[in-house]
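Participant:
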Amino acid sequence: MHDTIIVGGGLSGLMLAYTLHKEGRPFMLYEARPRLGGRINTVKSETTGAALDLGPTWLWPEQQPRLISLIGELGLTSFPQHDTGTVLRLKEADGKLESSENETLYGGAQRLEGGMIALIDALAALIPPDNIKLGQVLTDVEERGEHLALRFRCGDETSTIEARRVALTIPPRLVAEQVSFKPALPDEVKQAMQNTQTWMAAEAKALIAYPKAFWRDAGLSGNGSSEHEQAVLGEVFDACNADAAKAALGGFIALSPEQRQNFQFGLPMLIRSQLIQFFGTDAEHGELQFQDWAQEPYTCSQLDLTQAFTQPTYGNPLLQQPYWYHKLYLGGTETSRFGGGYLEGALDAAARIHAQFTVAPCLHTPENRRCVIRFSDWVNTYRADAMSFYQRYLNQRLAEQQREQLTQLSLLATVDEIYKKAMLVVEELPFVTEMESVVNGRSDLTPHLLSPFMGFNETLLAAAVEFNRSSCAISNFELEHKPSDAYIDTIRRDLTATWREFALNVNTLLVKRSTSQVATTA
Numbered sequence: 029m030h031d032t033i034i035v036g037g038g039l040s041g042l043m044l045a046y047t048l049h050k051e052g053r054p055f056m057l058y059e060a061r062p063r064l065g066g067r068i069n070t071v072k073s074e075t076t077g078a079a080l081d082l083g084p085t086w087l088w089p090e091q092q093p094r095l096i097s098l099i100g101e102l103g104l105t106s107f108p109q110h111d112t113g114t115v116l117r118l119k120e121a122d123g124k125l126e127s128s129e130n131e132t133l134y135g136g137a138q139r140l141e142g143g144m145i146a147l148i149d150a151l152a153a154l155i156p157p158d159n160i161k162l163g164q165v166l167t168d169v170e171e172r173g174e175h176l177a178l179r180f181r182c183g184d185e186t187s188t189i190e191a192r193r194v195a196l197t198i199p200p201r202l203v204a205e206q207v208s209f210k211p212a213l214p215d216e217v218k219q220a221m222q223n224t225q226t227w228m229a230a231e232a233k234a235l236i237a238y239p240k241a242f243w244r245d246a247g248l249s250g251n252g253s254s255e256h257e258q259a260v261l262g263e264v265f266d267a268c269n270a271d272a273a274k275a276a277l278g279g280f281i282a283l284s285p286e287q288r289q290n291f292q293f294g295l296p297m298l299i300r301s302q303l304i305q306f307f308g309t310d311a312e313h314g315e316l317q318f319q320d321w322a323q324e325p326y327t328c329s330q331l332d333l334t335q336a337f338t339q340p341t342y343g344n345p346l347l348q349q350p351y352w353y354h355k356l357y358l359g360g361t362e363t364s365r366f367g368g369g370y371l372e373g374a375l376d377a378a379a380r381i382h383a384q385f386t387v388a389p390c391l392h393t394p395e396n397r398r399c400v401i402r403f404s405d406w407v408n409t410y411r412a413d414a415m416s417f418y419q420r421y422l423n424q425r426l427a428e429q430q431r432e433q434l435t436q437l438s439l440l441a442t443v444d445e446i447y448k449k450a451m452l453v454v455e456e457l458p459f460v461t462e463m464e465s466v467v468n469g470r471s472d473l474t475p476h477l478l479s480p481f482m483g484f485n486e487t488l489l490a491a492a493v494e495f496n497r498s499s500c501a502i503s504n505f506e507l508e509h510k511p512s513d514a515y516i517d518t519i520r521r522d523l524t525a526t527w528r529e530f531a532l533n534v535n536t537l538l539v540k541r542s543t544s545q546v547a548t549t550a
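When you line the sequence shown up against this note's numbering, it's residues 29 to 550, in that order.
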């Protein structure tokens, strides 16, 4: 029986493993690929030795404090992205190149010496090799009372591993598509997974190593873009190392995944042809490295392939809370509200899961575990019915001809009623509180009772806004029908205040009961 299993050996999973190892806490990490890093994939040029990043390339020091801190802790070195010189643009396939002088495109971005894989290699070197298993594809997760059973596939063989808790640090869409859960996760959670686009999953990238940075000698920055329909490379950039001794250009492929497959044999020639358009015949004979992420089954889901990519909003609360009574945790960069999609988001998700591990101690008695299960089932029922509460309160206010703060007051009345009912349930549950610790004024039971409500406010608010938009009765109230950001923020603050009061009341009740039971026992 393992204490903690981490599934996913990208930056998020490795950071969580590294953090647990520093604390001396047991864990195992399972990765589907035969390598670590996930979407971080750096290859070494066979001709020049250049580190060519086929996945994430840049970091932004002012916007990514966790990443900058980790780079410093690991003793790695970053350098500024080359961004000076003439920028080239091709707006028509048979048109003339346009140029602009002294235009910077990368806003203070930096890169890592040795490529982003240096980050993965440095973390992996600090984790015992026996704690990492490669080539292990997760297929099933089953709740078995106090622990979970995970089934992995490795080639033609399968194995079942048991653990007290599991962190899935892989893209949510892949979890929804490739992993079977028993019992099934709530429908709203699976929907949230399916709605969360995998960052850059259907993209492709080319890196070309050269003996020298001839474009710099010509006063060019290496930056370029093609905006016409026949473009093969939509964006081109300088990919040299810090002193340009190892020269390279990089580019993002403009073709769709389907087009890339149709032209896969001729694609290298098309890439070189466009580089010649930009930089002349010197660009023809470099060493080409290519990565089509849409063909990576452990990055790109079927939904990522079939749905058009739009700028996503990451950090769905439903993907940030633990499930199965603090035994199942969801992670990866797409679950983060801060830097979601980027390396910073991967680190933020790892920090969140680690914090959740810390604040959710194990329950010490079967009676308390049964009470938590009963309460969680009660909460799930009322969460499902919350919109009917909201509509009832909204209709009451409309019948009373109220015209202001309809959404705000109806939502507050909804959560207030549900929280009051929840307090009555907590009061009736037969917890054995003297068996659970009270540390710094907080009962160990408190996070277990609050966990089923995680994400409740945001989910209810989003559902109410969507209902209002489609309601004929609300269409006459502009602010309610199409609420402004300021109004939404006000509602969110009020809901948060109500939640904090409920959380405080729950903890106060548990602490008092614990004190009372200890005194009675004495």
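Built from N, CA and C at the ideal position, the CB exists for glycine as well.
Where does S498 land, buried or exposed, given buried means 16+ other C-beta within 10 angstroms?
Facilitator: Position 470 of the sequence shown, counted from the first residue, corresponds to residue 498. Classification of S498: exposed, given that the 10 Å Cβ count is below 16.
Participant: Check the DSSP bridge columns for Y238 and list the partner residues they point to.
Facilitator: Taking the first residue of the sequence shown as 1, we reach residue 238 at position 210. The partner list for Y238 (beta bridge, DSSP) reads A275.
Participant: Among the residues of its own chain, which have a CB less than 7 Å from the CB of A150, if the five just before and after it don't count?
Facilitator: The sequence position of residue 150 within the sequence shown is 122, counting from 1. The residues are L102 and L104.
Participant: Counting only the same chain and skipping the five closest in sequence on each side, list residues whose C-beta sits under 6 Å from that of L316.
Facilitator: As a position in the sequence shown, residue 316 is number 288, starting the count at 1. Result list for L316: I236 and P296, in chain order.
Participant: Going by DSSP, which residues form a beta bridge with S479?
Facilitator: Here the question's residue 479 lines up with position 451 in the sequence shown. Answer is none; S479 lacks a bridge partner.
Participant: Taking just the CA atoms, how far does P480 sit from Y351?
Facilitator: Mapped onto the sequence shown, residue 351 falls at position 323. Mapped onto the sequence shown, residue 480 falls at position 452. The alpha-carbon atoms of Y351 and P480 are separated by roughly 8 Å.
Participant: Is the number of C-beta pairs between the region 149-168 and the region 51-70 that are closer than 8 Å three or more?
Facilitator: Segments in contact, yes.
Participant: Please return the same chain residues whose Cβ sits closer than 8 Å to the Cβ of Y410, not counting the five positions on each side in sequence.
Facilitator: Counted from its first residue, the sequence shown places residue 410 at position 382. Contacts found: I446, K449 and A450.
Participant: As a quick exercise: from R117, E205 and A229, pick the residue whose alpha carbon is nearest that of Q219.
Facilitator: For the purposes of this step, residue 219 is taken as residue 191 along the sequence shown, with counting starting at 1. The shortest Cα separation from Q219 among R117, E205 and A229 belongs to E205.
Participant: For L356, I'd like the list of residues in its chain whose CB is within less than 6 Å of its CB, leaving aside the five on either flank, ordered along the chain.
Facilitator: The count along the sequence shown starts at 1 and reaches residue 356 at position 328. Around L356: V194.
Participant: Count the other CB atoms, across all protein chains shown, that sit within 10 Å of the CB of R53; report buried if there are 16 or more and exposed otherwise.
Facilitator: On the sequence shown, position 25 is the one that residue 53 refers to. Classification for R53: exposed.
Participant: Looking only at its own chain, which residues have a Cβ that is under 6 Å from the Cβ of M43, when we skip the five neighbours before and after it?
Facilitator: As a first step, residue 43 must be located in the sequence shown, where it is residue number 15. The residues are L375 and A378.
Participant: Three-state secondary structure (DSSP) at M56?
Facilitator: Within the sequence shown, numbered from 1, the residue matching residue 56 stands at position 28. Of the three classes helix, strand and coil, the one that applies to M56 here is strand, per DSSP.
Participant: On the CB-based measure, 16 or more other CB atoms within 10 Å of its CB, does T461 come out buried or exposed?
Facilitator: Taking the sequence shown and counting its residues from 1, one reaches residue 461 at position 433. When all chains shown are included, T461 counts as buried.
Participant: A383 to P475, Cα distance in whole Å?
Facilitator: Sequence index remark: in the sequence shown, residue 383 carries index 355 (1-based). Sequence index remark: in the sequence shown, residue 475 carries index 447 (1-based). About 12 Å.
Participant: Out of curiosity, what's the CA-to-CA distance linking W86 and T76?
Facilitator: Locating residue 86 in the sequence shown gives position 58, counting from the first residue. Locating residue 76 in the sequence shown gives position 48, counting from the first residue. Each residue's Cα considered, the two are about 21 Å apart.
Participant: Compute the Euclidean distance between the alpha carbons of D522 and E464, then round it to the nearest angstrom.
Facilitator: Here residue 522 refers to the residue found at position 494 when the sequence shown is read from its first residue. Here residue 464 refers to the residue found at position 436 when the sequence shown is read from its first residue. Near 32 Å, if we compare the C-alpha coordinates of E464 and D522.
Participant: By DSSP, does S97 sit in helix, in strand, or in coil?
Facilitator: Locating residue 97 in the sequence shown gives position 69, counting from the first residue. S97: helix per DSSP, three-state reduction.
Participant: Please report the Cβ distance between E190 and H30, rounded to the nearest whole angstrom; I am assuming they are in contact, meaning their Cβ atoms lie under 8 Å.
Facilitator: Translated into the one-based positions of the sequence shown, residue 190 becomes position 162. Translated into the one-based positions of the sequence shown, residue 30 becomes position 2. Going by Cβ atoms, the distance from E190 to H30 rounds to 7 Å, so yes, they are a contact pair.
Participant: Is the CB-CB distance between I198 and G368 below 8 Å?
Facilitator: Position 170 of the sequence shown, counting from 1, holds the residue named residue 198. Position 340 of the sequence shown, counting from 1, holds the residue named residue 368. It is not a contact, given that the beta carbons lie outside the stated cut-off.
Participant: Find out if the Cβ-Cβ distance for the pair Q109, A146 is shorter than 8 Å.
Facilitator: By one-based count along the sequence shown, residue 109 stands at place 81. By one-based count along the sequence shown, residue 146 stands at place 118. No. Outside cutoff.
Participant: Reducing DSSP to helix, strand and coil, say where L356 ends up.
Facilitator: Position 328 of the sequence shown, counted from the first residue, corresponds to residue 356. Looking at L356 - three-state DSSP - the assignment turns out to be strand.
Participant: Quick test of the definition: if touching needs 3 or more C-beta pairs under 8 Å, does the region 303-321 touch the region 210-217?
Facilitator: Short answer: they don't touch.
Participant: Please state if the CB of T186 and the CB of E362 are separated by a distance shorter than 8 Å.
Facilitator: Counting from one through the sequence shown, the residue named residue 362 turns up at place 334. Counting from one through the sequence shown, the residue named residue 186 turns up at place 158. No, Cβ-Cβ distance for E362 and T186 is not below 8 Å.
Participant: Which residue or residues does DSSP assign as beta-bridge partners of F107?
Facilitator: Within the sequence shown, numbered from 1, the residue matching residue 107 stands at position 79. According to DSSP, F107 bridges with R139.
Participant: Please list, in chain order, all residues of the same chain as G343 whose beta carbon is under 6 Å from its beta carbon, the five residues on each side excluded.
Facilitator: Numbered from its first residue, the sequence shown carries residue 343 at position 315. Counting only Cβ-Cβ distances below 6 Å, and skipping sequence neighbours, we find S364, R365 and G368.
Participant: If you draw a straight line from the C-alpha of A547 to the C-alpha of I401, how long is it?
Facilitator: On the sequence shown, residue 547 is found 519 positions in, with the first residue counted as 1. On the sequence shown, residue 401 is found 373 positions in, with the first residue counted as 1. Residue placement at A547 cannot be trusted, given a pLDDT of 47 that sits under 50; what the coordinates show is reported in the next sentence. Those two C-alpha atoms are separated by around 27 Å.
Participant: Ordered along the chain, which non-local residues of its own chain (more than five positions away) have a Cβ less than 6 Å from that of L478?
Facilitator: In the sequence shown, counting from the first residue as 1, residue 478 sits at position 450. Correct list, in chain order: A531.
Participant: Taking the alpha-carbon of V115 as reference, which of S254, L358, S284 and T526 has the nearest alpha-carbon?
Facilitator: Reading the sequence shown from its first residue, position 87 is the one you call residue 115. Selected option, being the one with the closest Cα: S254.
Participant: With a cut-off of 8 Å, do at least 3 Cβ pairs link the region 435-444 to the region 408-422?
Facilitator: These segments touch.
Participant: Which word fits S73, buried or exposed, when buried means at least 16 other C-beta atoms lie within 10 angstroms of its C-beta?
Facilitator: Locating residue 73 in the sequence shown gives position 45, where the first residue counts as 1. With 16 or more Cβ atoms within 10 Å of its Cβ, S73 is classed as buried.
Participant: If I follow the unbroken alpha helix (DSSP H) through L440, where does it start and stop?
Facilitator: Residue numbering aside, residue 440 sits at position 412 when the sequence shown is read from its first letter. That run of the alpha helix (DSSP H) goes L434 to E456.
Participant: Hey, F337 and A246: beta-carbon distance below 8 Å or not?
Facilitator: As a position in the sequence shown, residue 337 is number 309, starting the count at 1. As a position in the sequence shown, residue 246 is number 218, starting the count at 1. For F337 and A246, no; Cβs fall outside 8 Å.
Participant: For A525, which residues in the same chain have their Cβ closer than 8 Å to its Cβ, ignoring the five residues on either side in sequence?
Facilitator: Looking up residue 525 in the sequence shown gives position 497. No residues qualify anywhere along the chain.
Participant: Which residues in the same chain have their Cβ closer than 8 Å to the Cβ of F291, if we skip the five residues on either side of it in sequence?
Facilitator: Here residue 291 corresponds to residue number 263 of the sequence shown, with the count starting at 1. L283 and L298, listed in sequence order.
Participant: Between Y46 and P511, what straight-line distance do the alpha-carbon atoms span, to the nearest angstrom?
Facilitator: Mapped onto the sequence shown, residue 46 falls at position 18. Mapped onto the sequence shown, residue 511 falls at position 483. Cα-Cα distance, rounded: 44 Å.
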